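Protein sequence lines, in the order shown, are assigned to chains A and B.
Residue numbering for the first sequence follows this note's numbering, starting at 293 and increasing by one per position.
Residue numbering for the second sequence follows this note's numbering, starting at -1 and increasing by one per position.
We put the beta carbon where it would ideally sit given N, CA and C, even for glycine.
Because the structure is a prediction, the values reported are computed rather than measured.
Worksheet: one structure, shown below.
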Amino acid sequence: MKKIIALIILFACVVSTKAQETIYPSKENKEHFVISNATIHVGNGQVIENGSVEINNGKIVKVSSGSTTPGVRVMDALGKHIYPGLILPVSHLGLKEIGNGVRGSNDFLELGDLNPNVRSVVAYNSDSKFINVLKANGILLAGVSPEGGTITGSSSVVQLDAWNWEDAAYKMDNAIHLNMPNLVIRQVRSRASTATPQPSPADQLKEALRKVDEIKGFFKEAKVYNLEAAHKETNLKLEAVKGLFNGTQKLFVHADQVKQMLVAVDFAKDFGFNVVIVGGNESYLVADLLKQNNIAVILNQEHRLPETEDEDVDQPFKTPAALQKAGVLFALNDDDETTRYRNLSFNAGTAAAYGLTKEQALQAITLNSAKILGIDKTTGSLEVGKDANIVISTGDILDMKSSIVTNAFIQGRPVSLDNKQKQLYERYKYKYGIK
Amino acid sequence: MKKLVFFVLALSATCITRAQQTFPVNGVADQRKVAYAFTNATIVKDGQTTLQNATLVIRDGKIVAAGSSVAIPKDAVVVDCKNKYIFPSFIDIYSDYGLTPPQRAPASFDFRAPAQLSSNQKGAYNWNEAMKPEVNAANIFATDEKTAKPLRDLGFGTVLTHQKDGLARGTGVVVTLANKKENLIIVKDKASAHYSMNKGSSTQSYPSSLMGVIALLRQTYLDGQWYKNKPASEGLNLSLQAWNENQKLPQIIDASDKWNDIRADRIGDEFGVQYIIKAGGNEYQRIKEIAATKAAFILPLNFPMAIDVDDPNDARLVSLAEMKNWELAPTNPAAFETNGIPFCLTTAELPNVRDFSANLRKALDNGLSEAKALDALTKTPATLVGVYDKVGSLDGGKLANFIITTGPIFNPKTQIVENWIQGESYNVKEEAWGDVKGIYNLSINGNGNTSNYSLDVKSSTQATVISKDSLPARFSFNGKIVSLSFSPIKRGRSNIRLSGVANGDTWNGNGEDTSGNRVLWFASYSKPTIAAPDTTKRQTQLAAGKVLFPFTGYGWDSLPGQQDLLIRNATVWTNEKEGRLENTDVLVKNGKISQVGKGINAGPAKVIDGTGKYLTPGVIDEHSHIAVVSINEGAQSVTSEVRIADNLDPEDINIYRQLSGGVTTSHILHGSANTIGGQTQLIKLRWGVDDEGLKFKGADPFIKFALGENVKRTTSSSNNRFPDTRMGVEEVLNDAFARATDYQKSLKGADAKNIRRDLELDALVEIMNKKRFITCHSYVQSEITAAMRVGEKYGVRFNTFTHILEGYKVADKMKAHGANASTFSDWWGYKTEVQDAIAYNAAIMNAVGVNTCINSDDPEMARRLNQEAAKSVKYGGMSEEEAFKMVTLNPAKALHVEDKVGSIKTGKDADLVLWSANPLSIYAVAEKTIVDGIVYFDRERDLQLRKNITAERNRLVQKMLGEKRSGMPTRPAEASSQKVLQCGDHAEEDDDLETK
């Protein structure tokens, strides 16, 4: 068997590792160096053939075709492809380890209905073994979000090469998350357990609408509260959404149904919030409306079934193209729990197979994501002045048959691409004498 | 008004015998023995015989005779039925009249809750609570006037009633709807035996799935046969005893769905029983298959209401299939008639029994003939349950059960006047006896003044007073009492109010005038009104929609046929030693690959241009859960008796979706809820055929086993089902094989004929005899090794380990055992047993020499299995050809069908996919998917179907909007459910709590 993971060990600080526990976060790297001879996918739609990316002190200082600055150490990436670090915009990374059947490993679902003050980042486990697997597929930054209740709390963006959560934090509390109540009456497929009698679908809908009013009420009170100079009594919940009113935070509304999105648009209008739809399965039906209201969309999953029996069989695959056409700012996510988000780039690949150009699809997992998460000033594309968050692949990173990541840099630091899976692979290659 | 009822008081002494009964009378005895003669009537004796101007004579609750020249007995009360019709009263043989409807089971099987492993029924009854053959409806039946009256009002006189609870429901009793003591109205005790496919109020966990239901019914037939020899080990089993006794009766099963009808009929065929099948209403969608059952059917008329589609966002979520069913369901009875299938009609399943007439009219409007409808309500049901000698026509000697109507029974304007049951009259709409319509002379006397008016009576509730002007009046006539109020001047405020009684054509009574002074009044019939022409002629409004196969927007108008094909000039991935061939042609003849080469002469074959495209064998999914109703019979740890094949759903939209991803063959597995699950079914994705047609003919049968967390119910905090650990899982296997070994020995022993046939052990014996093969859900290395060792102890090979995410740790042992592996490409981390799962698993196992496949266990991922295979190029550096074999040739080998599918080779089945690009690339799209030489998916046709769906949806939406505007009731638009099953899913359960 051919050796396929050709780890080019370039820097002394990347040590050969023997176990997950000895995969070290890399030390700060101030070196001035250049990666050359590669196809550069800038992340903003631009492609530079046979180009080079120059990095100094952790920042990108030059992106050009061909030439390199003399006197700078050159890393030859001949025939390879260079991409901005991929961004997983919404996940439970570091909050959910084993999940099913092991409650102790779960920290993503808090009790209570209105939890805006809950902060995901404080529970982020920077030693989760999923992190190293994601890096090996080019994902270098991730949004980490809580899930419990209706207003679930604030998410943060982390970089995936860190000793602890403070170290990992790339942008703290970038968004407040809201689970929009279900507004669709669905047929009861079965006789569900009647031990606790279920309200009728129509009653559930009424309850959902009441909930929407309750959320509105909460935001109205929060607006007043946050205008007050001083408070007689501190209210952590009301305080927690201050950023929504002053524009420092976005409201991430988890919604797939048209009606849910209509309510989200209404929130944006009523409160002047910067609203982002997360999920957006039916967003293609209201793309123009979203565009008119400047609402961005994070599509959670490309690899899913159509919403209805009658929907086009490939509708989920071509929804990104519909948003692109309408001019909606959108990003792609991978929320698959069975593979734990590792197929982000293939979500983009599928979008490219169904209407997007490859560079548009790439942008949906890099620059667009950065814009939506509010980190595009420092990352999301290979542009001068941004952090050197860079991935190098032997081939097209969007296509699994060629997507083999050989190197990655976070803020200029070369990060280890080793992980538990590779180690187990090595262990059993050793057992069976496979080369 | 004409005189209607003319009483001849003939006091003669014809009664000689005294009718005796045991019940004491509180008061003075009032036994009457009266004969009646109904004269001058149009008598419809049965669907075939109508007598004009005829007489019906009844005596002592029975019909004496009906005919044109029947003598009227001297002692008979004569009822003049001029302008009236007499029909036999209707019969409903699917009723639970007079019986308490059972409580719904408190919950379906809940994977997380403790299981109820044995029956809660006390006494010497069956082991399973859902089998209640000992219930005898006559023992628990009670007259119930409240329920009887609305049925009588519809024209029913007799019902077959049974307790609608359980899989075996015991016997039914035929009773009339007379309001009398039970003793007097039972027409036939133990008239029928009843069954269903719904376990009803049973709280016992088993069976929890449709497969389990079918298995339990089959096993009970076997148990009944075995019990005939009174096996000492069973003792007295009142249920089995009753089961055996019930076999001689007409057998009625509630299937309630087109496919269930067919499933039920198959159970019957296996045990020599022809069921009468209670249908569901969607049989028109597969009427040819329904006809092939040769069964008689009981049809409900529960046609769906129109959907409120005003809100487009809600309406969007209602499937086209559901909308079409709304339009086409009323054609169901006509479809039975057209196809010559015997059927009767029932009021069962109607939300409100009063909807029966309106819905029957809809059925007639949609093509059902009146003669057939009458048969379906009289002769056919009576004949089916063997009471046609007593009810169902107006022949002498039968019960005097008949209805008197104002006209032909199915005419919308006709009213039932009286319903006679066992010779006694029940008022339905007495006021309709007389045609109250007409012009009457009305005179009102007050204070010596008489005012005269003309009264134009239009109906029993509508009349106008005519003097100088036409004065609106409030009028009511109920057959006896008349009331009338009107203002004598146009738009006057004060009213004259009159009340009186009718005596034939004259009415009189008292009242008050506009000033409140008392008046007397009198009215008499003078002349008929000028009748408006009858515009209620039936318009047969044939529904515009077509039946599609399958019944979804992506179905066919008619099934595609085989056609010879030549795919020209493609890059052909053969999976054979020739490897990948450029610019190559493949000729398909009679569904088989006939030639592979360059420049092949097309002859009559249809040419498909493959230039720039890639042709591969169809994708084979070793682990799938599509196209089924249920996948887990999780109530017991060993359920080898259940069969996926018993509950295939050939209309699952996921078949079509997977064809769009190049899948042609799928192995449909039982889930992973228990150690020894059910028998699996290999299918080909022949979109449009029935369940039998889906089956991969001639393939070896398989069975699903499972190990690990799902089996020991890790997510349940209250598991009481053995096993709870992997130690226990191993012992379940050990025990199963040991029991099977003993069973097989005893089947060969001297006492073989007295051995209870056990479907569970039969399947295990097949495994031991290498007639059935195991595919085993498994994750960690300990359990994999333990399973292999138990198998080896009994000479059993685990054919395939599926999921097998730690297979890489024991690949050498698996190879030595001879197991195949079927795994996920990159799943991991979703529970404890997959913490060591690695994406390099397939590559390692393949390198060690285990035949390795990549499977889906997921209806979405299945349509991208080519990409899943490609991941082994990324993870483990497999060659493209080797990787692609993991979703084609390797699963064919694992499933023992590599002689038929899995590669492009002359003589193999023409299961082919034409891809737009290298099939391992994420950019590759399946343009055509071919099974047996038939193009079941074609991207161009798919585009056309999308347009058709949009147009057809819009047509139906507009039609429903019209319905709503015209004031018809509608139901809210609810999102149609989409069924998506994974390994750990349980029948009839919504949340997928135990996936993978």
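When burial is assigned at 16 or more other CB atoms within 10 Å of the CB, is residue 639 of chain A buried or exposed?
-> buried
Span of the beta strand (DSSP E) around residue 618 of chain A = Premise fails: residue 618 of chain A lies in the alpha helix (DSSP H), 607 to 618, not in any beta strand (DSSP E).
Nearest chain A C-beta to residue 972 of chain B closer than 9 Å, yes or no?
-> yes
Within 10 angstroms of the Cβ of residue 44 of chain B, are there 16 or more other Cβ atoms? Answer buried if so, exposed if not.
-> buried
Straight-line gap, residue 295 of chain A to residue 873 of chain B (C-alpha atoms, nearest Å) = At residue 295 of chain A the pLDDT is 42, less than 50, meaning the model places this residue with poor confidence and gives no usable figure here.
Straight-line CA distance for residue 67 of chain B to residue 329 of chain B?
-> 40 Å
When DSSP labels each residue in this structure, what does residue 257 of chain B get in the three-state scheme?
-> helix
Residues in the region 696 to 715 of chain A having any Cβ partner in chain B nearer than 7 Å | 696 and 713
How about residue 781 of chain B and residue 686 of chain B: do their beta carbons lie closer than 9 Å?
-> no
Please determine, among B:305, B:298 and B:320, the residue with the shortest C-alpha to C-alpha distance to residue 357 of chain B.
-> B:298
Cβ-Cβ distance between residue 202 of chain B and residue 116 of chain B below 9 Å | yes
Compile a chain-ordered list of the residues in the region 629 to 645 of chain A whose CB is closer than 8 Å to at least one CB of chain B.
-> 629, 630, 631, 632, 634, 635, 638, 641, 642, 644 and 645
Secondary structure, alpha helix (DSSP H): runs of 4+ residues fully inside the region 448 to 477 of chain A | 457 to 460
Apart from the five residues on each side of it in sequence, which residues of its chain come closer than 8 Å, Cβ to Cβ, to residue 404 of chain A?
-> 440 and 441
Looking at the structure shown, is residue 593 of chain A part of a helix, part of a strand, or coil, going by DSSP?
-> coil
Is residue 634 of chain A helix, strand or coil when you go by DSSP?
-> coil
Going by beta carbon distance, what residues of the same chain come within less than 6 Å of residue 361 of chain B, once the five residues before and after it are set aside?
-> 328 and 331
Residue 302 of chain B touches chain A at which residues, Cβ-Cβ below 9 Å?
-> Under the 9 Å cutoff, chain A gives no residues; its nearest Cβ is about 12 Å from residue 302 of chain B.
Whose C-alpha, out of B:976, B:577, B:929 and B:918, is nearest the C-alpha of residue 691 of chain A?
-> B:918
Please classify residue 266 of chain B: does DSSP put it in a helix, a strand, or coil?
-> helix
Taking buried to mean at least 16 other C-beta atoms within 10 Å of its own C-beta, is residue 270 of chain A buried or exposed?
-> No answer is possible for residue 270 of chain A: the residues shown for chain A start at 293 and end at 727.
Let me know the secondary structure DSSP gives residue 939 of chain B once reduced to three states.
-> helix
Taking 9 Å as the CB-CB cut-off, is residue 339 of chain A touching chain B?
-> no
Within 10 angstroms of its Cβ, does residue 319 of chain A collect 16 or more other Cβ (buried), or is it exposed?
-> exposed
Cβ-based burial, residue 557 of chain B [other Cβ within 10 Å; buried from 16] | exposed
Within this structure, are the beta carbons of residue 39 of chain B and residue 76 of chain B separated by less than 9 Å?
-> no
Those residues which DSSP pairs with residue 651 of chain B across a bridge = Paired residues: none, contrary to the question.
Starting from residue 285 of chain B, trace the beta strand (DSSP E) both ways and give me its first and last residue.
-> Where residue 285 of chain B is concerned, there is no enclosing beta strand (DSSP E), although the alpha helix (DSSP H) it sits in stretches over 285 to 290.
Buried or exposed (CB count within 10 angstroms, at least 16 for buried), residue 6 of chain B = Because the pLDDT of residue 6 of chain B is 36, which lies under 50, any placement of that residue in the model is unreliable, and the number read from its coordinates should be weighed accordingly. Exposed.
Output yes or no for whether 9 Å exceeds the beta carbon distance between residue 285 of chain B and residue 333 of chain B.
-> yes
For residue 664 of chain A, count neighbouring C-beta atoms within 10 Å of its own C-beta (all shown protein chains included) and say buried if the count is 16 or more, exposed if not.
-> buried
How many Å lie between residue 507 of chain B and residue 435 of chain B at the Cα?
-> 19 Å
Secondary structure of residue 565 of chain A, DSSP reduced to three states = coil
Under 8 Å (Cβ pairs) to chain B, residues found in the region 594 to 607 of chain A = 595, 596, 597, 598, 599, 600, 601, 602, 604, 605 and 606
Any chain A beta carbon closer than 9 Å to residue 822 of chain B | yes
Near-chain B residues of the region 365 to 398 of chain A (beta-carbon distance less than 7 Å), N- to C-terminal order | 390, 391, 392, 393 and 394
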